[in-house]
Structure formats: structure tokens, C-alpha cells
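For the record, the sequence lines run as chains A and B. With this note's numbering, the residue at position 87 of the first sequence is 87, and numbering never jumps. With this note's numbering, the residue at position 212 of the second sequence is 212, and numbering never jumps.
Protein chains: 2
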Amino acid sequence: MSFRMRTGFFLQTRTGCGSTTGPVSRVLKYCNSRSLAVVPQGGNTGLVGGSVPVFDEVIINMASMKNVVSFDKVSGILVCEAGCILENLISFLDNQGFVMPLDLGAKGSCQIGGNVSTNAGGLRLVRYGSLHGNVLGIEVVLANGDVLDMLGTLRKDNTGYDLKHLFIGSEGSLGIITKVSILTPPKLSSVNLAFLACKDYSSCQKLLLEAKRRLGEVLSAFEFLDNQSLDLVLNHLEGVRNPLPPSMHNFYALIETTGSDESYDKEKLEAFLLRSMEGGLISDGVLAQDINQASSFWRIREGVAEALMKAGAVYKYDLSLPVEKMYNLVEEMRIRLGDSSKVIGYGHLGDGNLHLNISTPQYDDMILAQIEPFVYEWTSKHRGSISAEHGLGLMKANKIFYSKSRESVQLMASIKKLMDPNGILNPYKVLPHSLSYS
Amino acid sequence: MSFRMRTGFFLQTRTGCGSTTGPVSRVLKYCNSRSLAVVPQGGNTGLVGGSVPVFDEVIINMASMKNVVSFDKVSGILVCEAGCILENLISFLDNQGFVMPLDLGAKGSCQIGGNVSTNAGGLRLVRYGSLHGNVLGIEVVLANGDVLDMLGTLRKDNTGYDLKHLFIGSEGSLGIITKVSILTPPKLSSVNLAFLACKDYSSCQKLLLEAKRRLGEVLSAFEFLDNQSLDLVLNHLEGVRNPLPPSMHNFYALIETTGSDESYDKEKLEAFLLRSMEGGLISDGVLAQDINQASSFWRIREGVAEALMKAGAVYKYDLSLPVEKMYNLVEEMRIRLGDSSKVIGYGHLGDGNLHLNISTPQYDDMILAQIEPFVYEWTSKHRGSISAEHGLGLMKANKIFYSKSRESVQLMASIKKLMDPNGILNPYKVLPHSLSYS
């Protein structure tokens, strides 16, 4: 059975909890009483199968809950329904002179409820921090249909356990987020972006350290990609070109600054780049001269995932690792796989987040067997995370022990059982099968 | 029975969990098996009785766990034991070129484990955000003595429920934090501080909004106090003087900026102050010329609590409220109490956090009856928090319903029961008595 809630159904009911939470509550109450499993679904842009039904789950699609509830221009606090598309919120805030502390490639489709449920990271985390810091409150419907109103709009509130954090990143397995309150920073007028080349990974690392120290408060993104990633984008995406003169560089970095003073910020970034060039950390580089050029630089970084899709089959890994060891994994994987595959590394260097992707002409179990469990064991050995920002969903639920202790996972399972005793909320996801049905 | 763990006891045992976690685990295992209640105690600087025994609880004093475990200069990630005194960590990091994202008046005694357990806020929250954003991992001993190793040092990790948040701010009632991993930003070289006078509260608010927008990325603190607070400090603390020429101002604000460029940052702040003066938002003001003058300005703001103690009896309230309504409460309280008491308001305006304090010659139940429950009802009516940063502890546990819904508190109690079925961890605290023994 697959069931999509119709807009009409959403609109015909008003309750004390707002116009659209009531029906979600009633659907869950009904499903819980009959032990019918449900999958909450936002923009369905996740990469680990967290928002797709596995067998006969009822899909609760959140797209109709797309209203902004309130925005306070003094505090910058936005309250909105879970189905708001991220890009729409970004535009809304832009008109108000504020910015979302979250930005990611899928913004055109992904929804804020899904972002919060999966604790999405993205491109601005290095500046604004994680959603655990920026989300001030949520309204959530529990498995039994109870509505938990934690929709606070306060920066500080130490009255009891801060339960909202249980739902941030739990991928819809403990409740369905229906509203979100989020702290948004004022928009700053001056944004600068540089596309840079580094001769080796060690230079990228040093450049990051220097950027954090010298650009300090204006640094808003530090992304990197290797030359294999750039080649892939140039070969598979139309209209994308290398901003630098053709030459052999091994790594590329995007450094973005966001501040409140156009001329000073640009001078500051230019001075930093000059210094880094003289110090040998950068081999070449170009500063975006206008917003179009900046968009074309971002297109390269944000286009890697799309280019991979066009190139053939792809094995995707989203890992957190200590920055100094991060790229060793890419190199070891290349040696392991030889010429059978293209191994590329890119991601949010500023957050220690590597997107390791392996591109092959078609899916091949022999290749997969060479990648896994090696990639997880390597990550675990270096105390990394096997899912930095994508979550576990269906695909990685059984891999949780590579990053979490048995005691921690056991406690997660106990909390799941406490809050969803019939196991109706997004089953087969997040927690390992061995535990979620015990 | 009151029991203080001796240093010798801590040191004589080494386990896989580090040199000092083992004994905490064994003490809890023992106490749990015999249903002996325990109180974890850090610097004992809390204001709501969260770290004091009520009847016969065993005190587990954390002062011996005072080692820095590791510090990574590339990522700025500090791992340390729970008993480290905040000020020692601030000094340690200063030597490494980094800063703690947390600073508060009690830093000379309070411990990082206590800070995290109570989700301490303090003076830098407006810049660096809350501990939910900055704490990357913790090690915690559960009621049954199990050690939960969640001591991650990664900025991003979406593998399962992020359980550490349950312990941040739960005031030792779900487990005892033994180690902390925290993300620290690089120290920026240029700090500027201005002490300003505003004619009315409305000007303070507008000044805050302007500061957020125009100082943007360099704003690191925005504190306010009313003239009654300043009078109290000037009258009761030795060696403190008003930095401004004597004149009748109703409000004072401290604005601090932290950036990476001395001359530019100062110019920026000066330009902002000039503009605000011309626009009538500021009536008078002075920019600290050196670190000594800056310390003397901070002494005024940080000295209010001490001055109150010297002035007589004090009723303390730590409230989060929408900024625009915040000071109405102070004014209404003055009308309510008449000449019997001094009502003062100060706090972290940048975070919407008011410290409302009522000073009387001695404690008087008649006065208390005029303050409570009025202050809680007023706060609840405006969807504020009755404890912004101090927690609930013993004194406010029964007040939780003013800020949290019945469903939320019920879920908190269920989680408490799941994790501490014998109720040995910090009993009588945080949760209302009606629920914690049900």
C-alpha cells in the first residue's frame, strides 16, 4: 500500500496545532492503532534510502505543509512548516535581509523538515555550525499521534531535557517533524569567492589552517576537490569550464568569505591569497569578479554529484575523518581498485567531511567487495564517521557499529522502543535490523 | 551520608576508559545495585541547587578529573576531563592561539563537566552559539555504571541518534559526564569593547538590531544593564567607577567586537558608534583604550551578581523572553513591589536573556508571594523560558510546566525512568516531584 496525502485533505481541517498538523496526528494515531508502518517523506533527495518505503509502508508526504508561520526581524527567528522547500526559504529570507544557516546542492527540492530530520550539513556549516545549534524548536508528531509542541523561539531555554535534539538527525524514526523554528543570521552584503589550485593535499590542509586564522570571522566556506573530480565535471556537464589556465594541478579549493564591508573584505581575501601564493600553498587561483562568475565556480563544486551520475555507476561514501588523514583513504582506494574504477575525493574540507566516490561503467559486485567493508573498517580505525551528513537510512543501518559503540546503539534502540513501541515509524532505517526487532 | 572521592582513589586505577572514569563507573555500579542516590558535583557554582545533596545522597566530586586529554591545533578540537576548571581551559587554549566558545562570571571555579551538564550560556553565546553546537562528544557514565563512549572529535557525524544532547543540560540526572570534546575557534587578535548609555529600553533594542547588522561577523557580545544595576555595583563593589561622566542615563550596553584586524575593527566600531550617536540610539559612550580599561568595563557587568549578594537578600530569576517585551516585566514588577524592594534588570540582550533580580534588606515571604507565581505566569504567557541558562535544579524542578508542555515533561520522565530506573542520579532535581516518583 502506498498512500499520498492529498492537499485537500490537509486543508479541510483546522486544529489547535495549526492547519496541517492535525491530519498528520490523526493518520499516525490510526496507523499506530493498527500497526501500519509509515515513511515520512520530504523532498526525497536523501542518498541512503531514508525516505523511501521498503515494503508496504504508508508514505506521509509533507509537501503541502509549505507555509511560513512567522518571521521576527529583530531576532531573525523563522518559524515554518516542515514541507517548505529550502530554496524557497532562502529566497524568503533574502528578501527580509537574512540568510539560512544551511545551504546544499539539493536546495531546489529538499524540504526543511527533511533537512532537520536528517541533520543536513552542507556548504555553510563551517561558518554557521550544525542544525543542533541553529534549530531553536520543533513541533513533532509522535508515533501514537500525540503532538509534541517544542516550537520555542528562544535562543536559550534550560528547562528540562532538550528533547528536540533527539529528533534532529533521527531520520523520522522517532516522530514526524511538522514545524521548525530556526535562528537565521542577518545577510551580510559582501560575499567573495576564490577558486584555487594546490599542488598537493598537504598544501590544501595548510591553506585551511591559514584561512581559519587569517580570514577568521569572514570565512564562510572551504571546499575542496581533486583533479579527478574536476575532470569528471568538465567531461560530463555542459557549459562548465575550468576557471584556471589548463595546467596540471592535483587539488582545487573554493574559499568563500562573507562579511559586511565590500572593499575591506575583498582586500583582506586578496592579501590572504597573495600571501598564500608567495608561501607556495597555492599554485594558481582566480577571484570571482561578479556573481555570475561566482555561480560558475560553485557550479563546479556542486556539479560533482551530477557528473558522477552521468558517468555511469557510482559508489558513494560520505565520511568524517581527521583532516590530516582524510585523503590517504582516497589514495589507498586507488591502489586497491587499480584501473577498474575512477576514485575521486571532494567535499567540505573545513568540516573534515570527505565525499569519497567510486565511478565505474556499471555496478559490479566484485568491485563492491573490494570497497566494502574496507572503507568502513578504515574509517572506523581512524575514529571517523561512516556517515558525516547523509545519515544511515536503509542502506547503512547495519553499518552503525563502525561508528558507534554497542552500548550507544543499545540505548538508541531502547529509546526507539520507548517512543515507538509498535515500530511503525520509518522501519528498517537508522538502527540495525538485529536490534530494531528485538 | 556524604562522600567525597579522594584523589588517591582516582589515581590508583587505570582502565580502558582512561585513568579516572573507571572509579566513577564502579561507584555508580555499586550505588545503583544498592539504590543509593548520588549527586555529581563540579565547581558547585550553580544557582538553582542542582549540585547539592538534599538528604543523604553520595556526592561524587569531579575535581580530580582535571587533565587535558588532547588538543588538535589543526581542527581546534579540545578533549579534556570533566573536572577541568573553565578558566584553566581558557588559559590553556590562549597559549595555543584558540579560545573557549564559552565564558562566564564563575569561570574561576566552575568545571567544564558542570558547564556541559547544565548547558551553560554566558557571555559569548551571541557569537559562538550554544554548547549543543560546540560540544562534539562526551564520555558519560550511566546510572548502572556502564561507560558510554561518545567522545567523538568530528564536526559531522550522522550515524544514529545524537545521544550526547540528552546529557547536555540534563543536570546530571541521566548520567555523569566524565570527558568532553569541544570545538574551539582560533583566537582573533583584535578585541574592542565599548561602554554605552541609552536613554530608554527602546534605544537598546534598536542598537542591538543595528549592531547585528552593521558589526555582523565581528560582534562578540551585547550585554545590557539598567541604571539600578549600575548603582548597585558602584555602591557595593570597591574600586569600581562609572566610566561615563555622571549623568542620568536609564540603560547601559556593553558591545564587544572580536576580529582579526586591529585597525580596521576599531575603525568599524567607531564608525558604528558615531552613527548610533548621531541617530540618537546612544546618549553617551566610551571605547576601552586598553585591556585594563576593558577589564574594568567587564567588571561592572560581571559584578552585578556579587553586588547583589552584598546588598542583602536577593530573589534571582533567569528568563528568556522576546527582546521587545523583556523589560516590561521589570517595570511591572517595580509597580507590584513598590518601595519595598529594588528591582533590577540586566543580562544578555543579544540572546534575549534577562536576569531579573529583586533585592531586599532580608528575605520576606510576603515579598516572595508578590513575586511568585506572577513572574512565572508572566513569562509563560509570553512563551518565554523560566530558566534561560541556569537550569531547574532543585529550586525550579516543580516550575517546569510554565515552560514545557505536559506531553514533553511526560516524555522526559519516561526517558529518565528508562535510563535510571532506580532513580539514583541527582534525585529531586530537574523533573517535577509529581512525575519523578510515579
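Ideal placement from N, C-alpha and C gives every residue a C-beta, glycine not left out.
Where residue i falls: helix, strand or coil (DSSP)
i      : result
S434/A : helix
V54/A  : coil
V375/B : helix
V27/B  : helix
K316/B : strand
M150/B : strand
G285/A : strand
E302/A : helix
L308/A : helix
T442/A : Within the shown structure, residues of chain A are numbered from 1 to 438, placing residue 442/A beyond reach of any answer.
D231/B : helix
K342/A : strand
L164/A : Checking the sequence shown, residue 164/A turns out to be Lys, not Leu. Note: K164/A maps to helix in three-state DSSP.
A351/B : With the sequence shown as reference, residue 351/B is identified as Asp, and Ala is not the correct amino acid for it. Note: D351/B maps to helix in three-state DSSP.
T178/B : strand
Q111/A : strand
N119/A : coil
D364/A : coil
D94/A  : helix
C84/B  : coil
S295/B : helix
Residue-level contact to chain A via CB, residue i, 7 Å cutoff
i      : result
R213/B : yes
L154/B : yes
S438/B : Reliability of the predicted coordinates at S438/B is poor, the pLDDT of 44 falling under 50, and the value obtained from them is presented with this limitation in mind. So no, S438/B is outside the interface.
E262/B : no
E389/B : yes
H433/B : no
N353/B : yes
M100/B : no
P245/B : no
T159/B : yes
I400/B : yes
Short CB-CB distance (under 7 Å) between residue i and chain B
i      : result
V218/A : yes
F3/A   : Low confidence applies to F3/A: its pLDDT is 37, below 50, so where it sits in the model is not reliable, and the reading given next is rough at best. Chain B, which has no Cβ nearer than 7 Å to the Cβ of F3/A, makes this no.
V24/A  : no
H132/A : yes
N242/A : no
H382/A : no
G74/A  : Note on residue identity: the sequence assigns Val, not Gly, to residue 74/A. Interface residue, yes.
S70/A  : no
H165/A : yes
N250/A : no
N119/A : yes
S405/A : yes
V323/A : yes
Residue j beta carbon less than 7 Å from that of residue i
i      : j      : result
G49/B  : G393/B : yes
A311/B : L368/B : no
S320/B : G384/B : yes
P432/A : A397/A : yes
Q362/A : A313/A : yes
V343/B : R334/B : yes
V38/B  : L209/A : no
V58/B  : L28/B  : no
V24/B  : I176/B : yes
R406/B : D351/A : no
D226/A : G345/A : yes
H348/B : D318/B : no
L329/A : L207/A : no
Exercise for review: Jot down the residue ranges of each uninterrupted beta strand (DSSP E) in the region 245-283 of chain B, minimum 3 residues, whole runs only, in chain order.
Suggested key: 251-259
Exercise for review: Evaluate the contact criterion for the region 251-269 of chain B versus the region 179-197 of chain B: three or more CB pairs, one atom per stretch, below 8 Å.
Suggested key: yes
Practice item. Taking 8 Å as the threshold, find out whether the region 131-143 of chain B comes into contact with the region 172-180 of chain B through three or more Cβ pairs. Key: yes
Exercise for review: Can you check the region 383-437 of chain A for any alpha helix (DSSP H) of at least 4 residues that lies completely inside it and give the ranges in chain order?
Suggested key: Listed in chain order, the complete alpha helix (DSSP H) runs (minimum 4 residues) inside the region 383-437 of chain A are 406-419 and 433-436.
Check your understanding: Any chance the region 54-66 of chain A sits against the region 80-90 of chain A, with 3 or more Cβ pairs inside 8 Å?
Key -> yes
Exercise for review: Could you tell me whether the region 248-255 of chain B touches the region 281-301 of chain B, using the rule of 3 or more Cβ pairs below 8 Å?
Suggested key: yes
Exercise for review: Mind the definition here: the region 41-57 of chain B touches the region 93-103 of chain B only if three or more C-beta pairs lie below 8 Å; say whether that holds.
Suggested key: no
Review point. Would the region 123-130 of chain A and the region 209-224 of chain A be scored as touching if the rule is three or more Cβ pairs under 8 Å?
Key: yes
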